[in-house]
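S.K.:
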Amino acid sequence: MRGLTLRTAVDGAGILGIGAYRPHRVVGNAEVAARTGRTAEWIERRTGIVERRYAAADESVIDMAVEAARKAAADAGIAPGRIGAVVLASMSHLRQSPGGAAEIAGRLGIRAAAFDLNAACAGFCYGLAVAAAMVRDGSARYVLVVGSDKMTDIVAPDDPAAAILFADGAGAVIVGPRDGEGIGPVVWGSDGSRAGLIAHDASWDAFRDDPEQSWPVMRMAGPEVFRWAIEEMPAVAREALDAAGVTAGDLDAFVPHQANLRMIETVTQRLALPGHVTVARDVVHSGNTSAASVPLAVARLKELGAVGSGGLALLLGFGAGLTWGAQVVRLP
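Convert by adding 182 to the 1-based position in the sequence shown; the result is the number in my numbering.
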């Protein structure tokens with residue numbers, strides 16, 4: 183019996199380029215406070231957020247993703263026509279079908295494989311792991327991974343738990359072959375028993391069948407999520423370091439999900455990272471952008487010159503599901 187033929191594998195996969203899209207509208211805490219019953223000072227004290235970006239009414243998850251994707255391809259020096267697969271990580275794309283990734287591919291002028299992935303705020307780390315596997319086994323030479331979320335579409339604007347945190351944006355990377363490994367093994371998982379901690383308050387069929395049901399919005403049990411993250415995510419981060427065969431001292435940067443500055447500081451403290459490790463704190467000016475959070479934070483570090491090309495960064499995403507994912511990568 184004849185065996186199956188495998189595509190030629192590459193020596194390693196890595197991030198070759200990165201792109202970010204931040205909407206133009208800057209929203210300070212005073213505006214959010216006015217509709218949530220909080221004060222601007224309280225919001226900054228509890229979340230660390232000073233301002234965030236909101237997309238325009240006619241600006242979609244796909245619009246933002248395409249802008250970030252074009253920048254990532256240019257940064258990598260890869261023409262869009264060479265991209266073999268598009269992975270969209272998003273929890274806020276409002277159209278159920280078709281998936282947004284195919285539209286992104288179409289607007290880039292390519293006929294690549296394309297699919298959506300919803301792991302909420304861990305979505306980018308999930309997509310990065312899938313893309314690296316595709317490159318290694320030869321399924322696609324270059325893969326576009328985009329984290330794009332317009333959270334203002336799915337969060338009630340007056341919700342004091344969620345509206346003070348969430349914002350809009352998109353971040354993208356091109357994953358492709360490189361000499362030596364550039365994306366470490368992923369450590370990921372889920373705990374569906376806690377699904378209700380971050381979830382929509384109704385399903386679409388309830389909205390369809392009950393004329394009294396309002397548009398479903400995402401709600402969050404903030405204190406419970408905070409405790410879960412600071413108690414469990416440090417262990418996930420350590421597992422990712424072990425899986426990659428590196429120590430905290432080898433890192434140049436730590437890029438956790440930009441959920442809340444207090445959460446970032448607590449997880450960082452519990453990891454006992456050396457002082458030379460740069461910690462991403464993009465949440466202060468971008469808010470919580472869900473699947474866009476990690477790539478936007480990486481892009482910000484590069485823009486600021488805080489980390490150099492080839493530096494090692496520990497990425498950590500976590501959110502609704504509950505889901506989590508972490509890996510060590512070499513920065514482009």
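In this text, a Cβ means the ideal position worked out from N, Cα and C, and glycines have one as well.
1. For the stretch 196-235, list the alpha helix (DSSP H) runs that are entirely contained and at least 4 residues long, ordered along the chain.
2. Between ASP388 and TRP506, what straight-line distance do the alpha-carbon atoms span, to the nearest angstrom?
3. Apart from the five residues on each side of it in sequence, which residues of its chain come closer than 6 Å, Cβ to Cβ, to SER272?
4. What residue range does the alpha helix (DSSP H) around ALA388 cover?
5. From ALA377 to GLY503, what distance separates their C-alpha atoms?
6. Report the option in ASP193, MET316, ILE197 whose CA atom is closest to the CA atom of SER491.
7. For the candidate residues LEU486, ARG482, VAL192, whose alpha-carbon lies nearest to that of GLY351?
8. Can you look up ILE244 in the DSSP assignment and give me helix, strand or coil?
9. Under a three-way DSSP split, which group does TRP506 fall into?
10. According to the Cβ coordinates, are ALA216 and LEU326 closer than 8 Å?
11. Compute the distance between the beta-carbons of VAL437 and ALA384, then report whether it is under 8 Å.
12. Could you give the residue range of the alpha helix (DSSP H) that holds ASP361?
13. Beta-carbon within less than 8 Å of VAL248's beta-carbon, same chain only, minus the 5 sequence neighbours each way: which residues are those?
14. By the three-class DSSP mapping on this structure, what secondary structure does ILE446 have?
15. Quick one: is PRO514 buried, meaning 16 or more other Cβ sit within 10 Å of its Cβ, or exposed?
16. Can you tell me where the alpha helix (DSSP H) with GLY371 in it begins and where it stops?
17. Measure the alpha-carbon distance for ASP517 versus ARG318 and round it to whole angstroms.
18. Any contact of the stretch 438-458 with the stretch 411-418, i.e. 3+ C-beta pairs under 8 Å?
19. Can you tell me whether VAL208 is buried or exposed? The criterion is at least 16 other CB atoms within 10 Å of its CB, across all chains shown.
20. Thinking PHE306 and GLY499 are a contact (beta carbons under 8 Å), I'd like their distance in whole angstroms, please.
21. The beta strand (DSSP E) spanning GLY499 covers which residue range?
22. On the DSSP letters alone, give me the boundaries of the beta strand (DSSP E) that PRO477 sits inside.
23. For VAL337, write down the residues that DSSP places opposite it in a beta bridge.
24. Can you grab the Cα-Cα spacing for the pair VAL510 / HIS206, in whole Å?
25. Which one of ASP298, ALA267, ALA294, ILE260 has the shortest CA to CA distance from ARG532?
26. Nearest-angstrom Cα distance between GLY364 and VAL461?
27. Given a cut-off of 8 Å on the beta-carbon distance, is the pair ALA344 and LEU379 in contact?
28. From the DSSP secondary-structure annotation, give me the bridge partner or partners of HIS382.
29. Between the alpha carbons of ALA284 and ARG293, how many angstroms are there, rounded?
30. Can you tell me where the alpha helix (DSSP H) with LEU310 in it begins and where it stops?
31. Please confirm whether ALA295 and ALA322 have their CB atoms less than 8 Å apart.
32. If we ignore side chains and look at the alpha-carbon of each, how far apart do ALA441 and ASN470 end up?
33. What first and last residue would you give for the alpha helix (DSSP H) that runs through SER468?
34. Please look up how many angstroms separate the CB atoms of MET400 and ILE356, rounded, as I've assumed it's under 8 Å.
35. Work out the CA separation of ILE346 and VAL214 for me, nearest whole Å.
36. Nearest to ARG420 by alpha carbon, out of GLY366, ALA267, ARG512?
M.R.: This is what the structure holds:
1. 211-218, 222-229
2. Position 206 of the sequence shown holds residue 388. Position 324 of the sequence shown holds residue 506. According to the sequence provided, residue 388 is Ala. The question's Asp does not apply to it. Straight-line Cα distance between these residues: approximately 29 Å.
3. The residue labelled residue 272 in the question sits at position 90 within the sequence shown. So the qualifying residues of the chain are VAL243, SER330, ASP331, ALA473.
4. For this step, residue 388 is matched to residue 206 along the sequence shown. Here the alpha helix (DSSP H) through ALA388 covers 386-391.
5. Taking the first residue of the sequence shown as 1, we reach residue 377 at position 195. Taking the first residue of the sequence shown as 1, we reach residue 503 at position 321. Rounded to the nearest angstrom, the two C-alpha atoms are 5 Å apart.
6. For the purposes of this step, residue 491 is identified with residue 309 of the sequence shown, where counting begins at 1. Nearest option by C-alpha distance: ILE197.
7. As a working note, residue 351 is residue 169 in the sequence shown. Considering only alpha carbons, the answer is ARG482.
8. Reading the sequence shown from its first residue, position 62 is the one you call residue 244. ILE244: helix per DSSP, three-state reduction.
9. As a first step, residue 506 must be located in the sequence shown, where it is residue number 324. Strand.
10. One-based indexing of the sequence shown puts residue 216 at position 34. One-based indexing of the sequence shown puts residue 326 at position 144. No.
11. To locate residue 437, count along the sequence shown from 1; it is residue 255. To locate residue 384, count along the sequence shown from 1; it is residue 202. Against a cut-off of 8 Å, the Cβ pair of ALA384 and VAL437 comes out as no contact.
12. By one-based count along the sequence shown, residue 361 stands at place 179. It is not in any alpha helix (DSSP H) - ASP361 carries neither H nor E in the DSSP assignment.
13. Reading the sequence shown from its first residue, position 66 is the one you call residue 248. ILE286, ARG289, LEU290, listed in sequence order.
14. For this step, residue 446 is matched to residue 264 along the sequence shown. It is helical.
15. Position 332 of the sequence shown, counting from 1, holds the residue named residue 514. Under this definition PRO514 is a buried residue.
16. Taking the sequence shown and counting its residues from 1, one reaches residue 371 at position 189. Element bounds for GLY371: not the alpha helix (DSSP H) but the beta strand (DSSP E), 369-372.
17. Because the chain is modelled from 183 through 514, residue 517 falls outside the range shown and cannot be assessed.
18. yes
19. The count along the sequence shown starts at 1 and reaches residue 208 at position 26. Its Cβ having fewer than 16 others within 10 Å, VAL208 is exposed.
20. In the sequence shown, the residue the question calls residue 306 occupies position 124. In the sequence shown, the residue the question calls residue 499 occupies position 317. That belief holds up - the Cβ atoms of PHE306 and GLY499 are roughly 6 Å apart, short of 8 Å.
21. Position 317 of the sequence shown, counted from the start, is the residue given in the question as residue 499. That run of the beta strand (DSSP E) goes 494-501.
22. The sequence position of residue 477 within the sequence shown is 295, counting from 1. Where PRO477 is concerned, there is no enclosing beta strand (DSSP E), although the alpha helix (DSSP H) it sits in stretches over 475-486.
23. Here residue 337 corresponds to residue number 155 of the sequence shown, with the count starting at 1. VAL337 is bridged to MET400.
24. Indexing the sequence shown from 1 puts residue 510 at position 328. Indexing the sequence shown from 1 puts residue 206 at position 24. For VAL510 and HIS206, the distance between alpha carbons rounds to 31 Å.
25. Nothing in the structure corresponds to residue 532, since the chain is present only between 183 and 514.
26. As a first step, residue 364 is located in the sequence shown; it is residue number 182 there, counting from the start. As a first step, residue 461 is located in the sequence shown; it is residue number 279 there, counting from the start. C-alpha separation (whole angstroms): 20 Å.
27. In the sequence shown, residue 344 corresponds to position 162, counting from 1. In the sequence shown, residue 379 corresponds to position 197, counting from 1. Not in contact: ALA344 and LEU379 (Cβ atoms no closer than 8 Å).
28. Looking up residue 382 in the sequence shown gives position 200. BP columns for HIS382 point to MET400.
29. On the sequence shown, position 102 is the one that residue 284 refers to. On the sequence shown, position 111 is the one that residue 293 refers to. Distance between the alpha carbons of ALA284 and ARG293 is about 8 Å.
30. Taking the sequence shown and counting its residues from 1, the one referred to as residue 310 is at position 128. Run containing LEU310: 305-319, per the alpha helix (DSSP H) assignment.
31. Here residue 295 refers to the residue found at position 113 of the sequence shown. Here residue 322 refers to the residue found at position 140 of the sequence shown. Yes.
32. For this step, residue 441 is matched to residue 259 along the sequence shown. For this step, residue 470 is matched to residue 288 along the sequence shown. Whole-angstrom Cα-Cα distance: 5 Å.
33. Walking along the sequence shown from the start, residue 468 turns up at place 286. First-last of the alpha helix (DSSP H) with SER468: 465-468.
34. Taking the sequence shown and counting its residues from 1, the one referred to as residue 400 is at position 218. Taking the sequence shown and counting its residues from 1, the one referred to as residue 356 is at position 174. Not a contact, Cβ separation roughly 30 Å.
35. The sequence position of residue 214 within the sequence shown is 32, counting from 1. The sequence position of residue 346 within the sequence shown is 164, counting from 1. Computed Cα separation, rounded: 6 Å.
36. For the purposes of this step, residue 420 is identified with residue 238 of the sequence shown, where counting begins at 1. Selected option, being the one with the closest Cα: GLY366.
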